[in-house]
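S.K.: Chains A and B are the protein sequences, given in the same order. Under numbering that gives the first Met the number 0, the very last position in the first sequence is 191; numbers go up by exactly one each time. Under numbering that gives the first Met the number 0, the very last position in the second sequence is 191; numbers go up by exactly one each time. Can you read through this structure? Questions will come right after.
There are 2 protein chains.
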Amino acid sequence: MSQTRERILAIARELFVRHGYTGTTNADIARELGTTTAALYYHFPSKAAILDGLLAEPLAAYHRITGYLDAGPPAPAELLGAFIDLAADSRELAALIDRDPSVLAVIDKRLPRTIERMTEQVIAALAGPDADRGAVLRAHAAFAAIKHATMAAIALDAGAVDRALDAGALDPADRAEILRIALRILQPPAAD
Amino acid sequence: MSQTRERILAIARELFVRHGYTGTTNADIARELGTTTAALYYHFPSKAAILDGLLAEPLAAYHRITGYLDAGPPAPAELLGAFIDLAADSRELAALIDRDPSVLAVIDKRLPRTIERMTEQVIAALAGPDADRGAVLRAHAAFAAIKHATMAAIALDAGAVDRALDAGALDPADRAEILRIALRILQPPAAD
DNA sequence: GTCTATACCCGGATAGAC
DNA sequence: GTCTATCCGGGTATAGAC
Chain A
0 MSQTRERILA
10 IARELFVRHG
20 YTGTTNADIA
30 RELGTTTAAL
40 YYHFPSKAAI
50 LDGLLAEPLA
60 AYHRITGYLD
70 AGPPAPAELL
80 GAFIDLAADS
90 RELAALIDRD
100 PSVLAVIDKR
110 LPRTIERMTE
120 QVIAALAGPD
130 ADRGAVLRAH
140 AAFAAIKHAT
150 MAAIALDAGA
160 VDRALDAGAL
170 DPADRAEILR
180 IALRILQPPA
190 AD
Chain B
0 MSQTRERILA
10 IARELFVRHG
20 YTGTTNADIA
30 RELGTTTAAL
40 YYHFPSKAAI
50 LDGLLAEPLA
60 AYHRITGYLD
70 AGPPAPAELL
80 GAFIDLAADS
90 RELAALIDRD
100 PSVLAVIDKR
110 LPRTIERMTE
120 QVIAALAGPD
130 ADRGAVLRAH
140 AAFAAIKHAT
150 MAAIALDAGA
160 VDRALDAGAL
170 DPADRAEILR
180 IALRILQPPA
190 AD
């Protein structure tokens, strides 16, 4: 692995997250890298390719999870847990995906299913087979809650260096709490 | 009110929501309007001004709500309810705000407080005065859930024309359900 | 593997006629 | 109130030397 390539990805990740994909220029990346924009094109054929390099893994994971759904309805805890881990692993990247619509356009070209279609599947699975309107709303709420709470949890540690080694990882206690929250969201009101 | 102005806003709203702010060009708006890009500049001094025209009201409402927080801690149900209504009123616009970072840049120039600062305040208010880590996570979860569930509820009606007059408005039953969900999220796990 | 130089296009915005 | 024409800047990408 060219290690300049890795540096470019690291820099791009940071800039994309902070300023968005369209809000970041090749010149911005090159400046941070200490080279010129032309140098980037030795390592990547296009700007979109840099984005691809960043999102390939998390998107594959997303696709893998929704693939399981085809087999049959999973336990909500499993599904929600998988998404917590996905959000934690991809960190700030998760936010990037649905922030900039132009990112979606880039992504959807290289995916078997569109993001939108995958999300629909997840909602359907969370809402359950005989979902009424309330169940669908709760599924949306749970899905959104997981993603944002996970990102918030990681962000809370952003400054703290004393949290042992793996700064940026999701605290197991936080994971448990978030899962608990999400599962409770899915409960119909009658079960209150 | 120039009614061409209103048409431009309506068109821009739709395009911004669908393709994002940076993903929409003046040419796109002009095409839909049936004129040229130059014509837009008779009605608005810049592209950013069109965005302003669209977001002014919802942002003022957001600012008004956070203003109340300065006075003292509100009942969570009031605060959450206010945000459900805000999300419902601004519809798809709500999504626009935290999607494109360049939108944030435009907005923050004309706001007394930054969006980020306002969000922090809301989270703090929802988490409560003696908030532990779990309470903060629950606050984030509740805030995200409200926004997404409300947008989902409205989206569910998108196609249905038979829902009497006010298509696009939030069903009171949905509102109640979403509020119930959000309030439950804020409950500490012990209260399960 | 990185440079200089530059082509090319496109988006926002302006000038001035009608 | 809208047009034609055009400027300007900046962004992606390429050519070709080193």
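Backbone N, C-alpha and C define an ideal beta-carbon position, used for all residues, glycine too. These figures come from a predicted structure and were not determined experimentally.
1. If we count the other Cβ atoms within 10 Å of its Cβ and call it buried at 16 or more, is B/Glu119 buried or exposed?
2. Let me see if you follow: with CB-CB separation under 8 angstroms, is A/Ile114 close to chain B or not?
3. Taking 7 angstroms as the limit between beta carbons, can you name the residues of its chain near A/Asp99, skipping five residues before and five after?
4. My guess is that B/Leu78 and B/Arg137 are in contact by the Cβ rule of under 8 angstroms, so how many angstroms apart are they, rounded?
5. State the Cα-Cα distance for the pair B/Glu13 and A/Gln2, rounded to the nearest angstrom.
6. Given that a residue counts as buried once 16 or more other Cβ atoms are within 10 Å of its Cβ, and exposed if not, what is A/Thr23?
7. Would you decide whether A/Ala181 is buried or exposed? Buried here means 16 or more other CB atoms lie within 10 Å of its CB.
8. Which residue's Cα is closest to the Cα of A/Arg196: A/Arg6, A/Leu95, A/Ala76, A/Ala81?
9. In its own chain, which residues sit with a C-beta less than 6 angstroms from the C-beta of A/Leu68, not counting the 5 before and 5 after it?
10. When you compare the CB positions of A/Ala76 and A/Leu178, do they come within less than 8 angstroms of one another, or not?
11. With a cut-off of 8 angstroms on the beta carbons, I'd call A/Leu245 and A/Ile7 a contact; round off their distance for me.
12. Using a C-beta cutoff of 8 angstroms, does B/Glu13 count as contacting chain A?
13. Using a Cβ-Cβ cut-off of 7 angstroms (strictly less than) and excluding sequence neighbours within five positions of A/Asp107, which residues of its own chain qualify?
14. Can the beta-carbon of B/Ala87 be found less than 8 angstroms from the beta-carbon of B/Leu169?
15. Give a yes or no on whether 8 angstroms exceeds the smallest Cβ distance from B/Ala151 to chain A.
16. For B/Thr35, count the other beta carbons within 10 Å of its own beta carbon; 16 or more makes it buried, fewer makes it exposed. Which is it?
17. Note down the Cα distance separating A/Ala141 from B/Ala144, rounded to an integer number of angstroms.
18. Residues in its own chain within less than 8 angstroms of B/Met150 by CB, not counting five upstream and five downstream?
19. If you reduce the DSSP assignment to three classes, tell me which class B/Lys146 lands in.
20. Considering Cα atoms alone, identify which of B/Ser101, B/Leu39, B/His147, B/Pro73 is closest to B/Ala126.
21. May I ask you to report which of helix, strand or coil DSSP gives A/Arg98?
22. Using the three-state DSSP reduction, which class does A/Pro57 fall into: helix, strand or coil?
23. Quick one: is A/Pro100 near chain B, going by C-beta distance under 8 angstroms?
24. Looking only at C-alpha atoms, which of A/Arg174, A/Ala55, A/Tyr41 sits nearest to A/Ala148?
M.R.: So, from the data block:
1. As a first step, residue 119 of chain B is located in the second sequence; it is residue number 120 there, counting from the start. That one is exposed.
2. The residue you call residue 114 of chain A lines up with position 115 of the first sequence. Judged by the 8 angstroms Cβ criterion, A/Ile114 is not in contact with chain B.
3. To locate residue 99 of chain A, count along the first sequence from 1; it is residue 100. Within the same chain, Cβ atoms closer than 7 angstroms to the Cβ of A/Asp99 are found at Gly19, Tyr20, Thr21, the five residues on either side in sequence being excluded.
4. Against the second sequence, residue 78 of chain B aligns to sequence position 79. Against the second sequence, residue 137 of chain B aligns to sequence position 138. Not quite, the Cβ-Cβ distance comes to about 14 angstroms (not below 8 angstroms), so this is no contact.
5. The count along the second sequence starts at 1 and reaches residue 13 of chain B at position 14. The count along the first sequence starts at 1 and reaches residue 2 of chain A at position 3. Near 43 angstroms, if we compare the C-alpha coordinates of A/Gln2 and B/Glu13.
6. Indexing the first sequence from 1 puts residue 23 of chain A at position 24. Only buried fits A/Thr23, as 16 or more other CB atoms lie within 10 angstroms of its CB.
7. To locate residue 181 of chain A, count along the first sequence from 1; it is residue 182. So A/Ala181 counts as buried.
8. With chain A running from 0 to 191 in the structure shown, residue 196 of chain A is simply not present.
9. As a working note, residue 68 of chain A is residue 69 in the first sequence. So the list reads Gln120, Ala124, once near-sequence residues are dropped.
10. Stepping through the first sequence from its first residue, residue 76 of chain A is reached at position 77. Stepping through the first sequence from its first residue, residue 178 of chain A is reached at position 179. A contact, by the Cβ cut-off of 8 angstroms.
11. The shown model of chain A, from 0 to 191, leaves out residue 245 of chain A, and the question about it has no answer.
12. Here residue 13 of chain B corresponds to residue number 14 of the second sequence, with the count starting at 1. Cβ-Cβ to chain A under 8 angstroms: no for B/Glu13.
13. Reading the first sequence from its first residue, position 108 is the one you call residue 107 of chain A. The residues are Thr113, Ile114.
14. Here residue 87 of chain B refers to the residue found at position 88 when the second sequence is read from its first residue. Here residue 169 of chain B refers to the residue found at position 170 when the second sequence is read from its first residue. For B/Ala87 and B/Leu169, yes; Cβs fall inside 8 angstroms.
15. As a working mapping, residue 151 of chain B is identified with position 152 in the second sequence. By this cut-off, B/Ala151 is an interface position.
16. Taking the second sequence and counting its residues from 1, the one referred to as residue 35 of chain B is at position 36. Result: exposed.
17. For the purposes of this step, residue 141 of chain A is identified with residue 142 of the first sequence, where counting begins at 1. For the purposes of this step, residue 144 of chain B is identified with residue 145 of the second sequence, where counting begins at 1. Distance between the alpha carbons of A/Ala141 and B/Ala144: 7 angstroms.
18. To locate residue 150 of chain B, count along the second sequence from 1; it is residue 151. Contacts found: Ala86, Arg90, Glu91, Ala93, Ala94.
19. Sequence index remark: in the second sequence, residue 146 of chain B carries index 147 (1-based). DSSP places B/Lys146 in helix when its eight states are reduced to three.
20. Within the second sequence, numbered from 1, the residue matching residue 126 of chain B stands at position 127. When each option's Cα is compared against that of B/Ala126, the closest is B/Pro73.
21. Counting from 1 along the first sequence, the entry for residue 98 of chain A is found at position 99. Note: A/Arg98 maps to coil in three-state DSSP.
22. Position 58 of the first sequence holds residue 57 of chain A. Judged by DSSP in its simplified three-state form, A/Pro57 adopts helix.
23. By one-based count along the first sequence, residue 100 of chain A stands at place 101. Contacts with chain B at 8 angstroms (Cβ-Cβ) include A/Pro100.
24. Here the question's residue 148 of chain A lines up with position 149 in the first sequence. When only C-alpha atoms are compared, the closest one is A/Arg174.
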